[in-house]
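Here the structure is laid out as structure tokens; the discussion comes afterwards.
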Amino acid sequence: MTSAADELQTPSNAASTIIGYISLLSWMVVMFPQIYLNFRRKSGEGVSLVMTGAWIIGDLFNIAGAMMQGLVMSTIVVASYFLLVDATLFSQTIYYRTVYSAHTRVKAISGDDSDTGDAGDGVLPPANDTTALISHSDDGDVDAQSSPVPSQSSSHLTNALAFALSLASLGCLAAVVISLIMPQSSGDDDGPHNTPSPPSDSLPLTQIIAQAMGTASAIIYIMSYVPQAIQNYQRKSCEGLSMWLFLLSMLGNTTYALAILVVSLNPHYLAPYVPWLLGALVPCVIQIVILYQFQVYRH
Numbered sequence: 021m022t023s024a025a026d027e028l029q030t031p032s033n034a035a036s037t038i039i040g041y042i043s044l045l046s047w048m049v050v051m052f053p054q055i056y057l058n059f060r061r062k063s064g065e066g067v068s069l070v071m072t073g074a075w076i077i078g079d080l081f082n083i084a085g086a087m088m089q090g091l092v093m094s095t096i097v098v099a100s101y102f103l104l105v106d107a108t109l110f111s112q113t114i115y116y117r118t119v120y121s122a123h124t125r126v127k128a129i130s131g132d133d134s135d136t137g138d139a140g141d142g143v144l145p146p147a148n149d150t151t152a153l154i155s156h157s158d159d160g161d162v163d164a165q166s167s168p169v170p171s172q173s174s175s176h177l178t179n180a181l182a183f184a185l186s187l188a189s190l191g192c193l194a195a196v197v198i199s200l201i202m203p204q205s206s207g208d209d210d211g212p213h214n215t216p217s218p219p220s221d222s223l224p225l226t227q228i229i230a231q232a233m234g235t236a237s238a239i240i241y242i243m244s245y246v247p248q249a250i251q252n253y254q255r256k257s258c259e260g261l262s263m264w265l266f267l268l269s270m271l272g273n274t275t276y277a278l279a280i281l282v283v284s285l286n287p288h289y290l291a292p293y294v295p296w297l298l299g300a301l302v303p304c305v306i307q308i309v310i311l312y313q314f315q316v317y318r319h
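Below, the structure written as structure tokens:
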């Protein structure tokens, strides 16, 4: 007779825990590249406000549904942390688009007025980048700040890391697909010891509401990436958008789903997680489209 501690130490549960930590780590840092890029560029024009706003709404539904459904604590912790980071990116984007942009315009107008008053001939400084570079390079040398040249080795390292992360995400996605189509062994029909009991004919009201919230959250997450893809297509550019945001999102989504599926493929166990699985896996398709746009619209 096995104890409860031994049952919790099963290989599937151990694998689920490790993969869950990888997913948690991905979600912890997923927004930082985009937040840093906005801060460095002092702009939020590359990020779709509809996408980030939808993330916040989806997070709220996700947290409420997970708590009412009684899901694992890691699900609630990840959703709560992601809500905080999403709100940070959303507020930062609004700040750079409104407050900072207005302040910069006022400062530029004040600077133009003072320059016009000081200039005797009324000629404004050159606004063209090429003429500005020529005016600052009397000795034939170009200022490093005026024309920054990215390091070749740094560019190769970034591409290598992005490629490796893409392979890891696609590998996790392939593992999820294989686990879904792979036939279950006969000894796994009843699922693990912690598998929820089969649902009765009449579900409690709280469970129905929780399932509805989880479904709404999944739909919002799935559709949230569409405005960003449309914005990139309309602008024919991904400027101001961090590729790492979508690479890390793919890694977090696939490992999140894999952490659930490695425990058991028993329908009674997977039933409460279906909305969260859909909300994690389906956005990967749109994320792949956006990553493809980075290659197509590369200048």
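Numbered by our numbering, the letters in the sequence shown go through residues 21 to 319 in order.
Cβ atoms here follow ideal geometry from the backbone N, Cα and C, with glycine treated the same way.
Please read these numbers as outputs of a predicted model, since none were measured by experiment.
Per DSSP, the unbroken alpha helix (DSSP H) holding Pro247 starts and ends at Leu225 to Arg255. Annotation for Pro303: the continuous alpha helix (DSSP H) segment containing it runs Pro303 to Val316. When the beta-carbon positions are compared, Gln307 and Met263 stay at least 7 Å from each other.
Going by beta carbons, Tyr241 and Gly78 fall inside the 7 Å limit.
Burial state of Met93 is exposed, judged by a 10 Å Cβ sphere holding fewer than 16 other Cβ atoms. Rounded to whole angstroms, Ala279 and Ser32 show a C-alpha spacing of 9 Å. The beta carbon of Thr95 sits closer than 6 Å to those of Ala86, all from its chain and outside the five residues before and after it, given in chain order.
Across the structure, Leu104 and Trp47 are spaced so that their CA atoms are roughly 12 Å apart. One Cα belongs to Cys258, the other to Ile310, and the distance between them is close to 9 Å. Annotation: the continuous alpha helix (DSSP H) that includes Asn58 extends over Phe52 to Arg61. Residue state for Gly272 is assigned as helix, using DSSP reduced to three classes.
Within its own chain, the residues whose Cβ lies closer than 6 Å to the Cβ of Ala300, once the five positions on either side in sequence are excluded, are Asn273, Tyr276 and Ala277, listed in chain order. In the DSSP assignment, Pro31 falls within the alpha helix (DSSP H) that extends over Pro31 to Val49.
The shortest CA-to-CA distance from Gly260 to any of Tyr101, Gly64, Tyr293 and Met233 is the one to Gly64. Under the three-state reduction of DSSP output, Gly66 falls in the coil class, being neither helix nor strand.
Contact annotation, Leu298 with Ala238: C-beta distance approximately 5 Å; criterion of less than 8 Å satisfied. In the structure shown, Thr72 falls within a helical segment according to DSSP collapsed to helix, strand and coil. Close CB contacts of Arg117 within its chain, under the 6 Å cut and outside five residues either way in sequence, are with Gly64 (chain order). Around Tyr253, the same chain offers Gln313 as residues with beta carbons nearer than 8 Å, after the five sequence neighbours per side are excluded. Looking from the CA of Gln315, the closest CA among Lys256, Leu268, Trp296 and Tyr293 belongs to Lys256.
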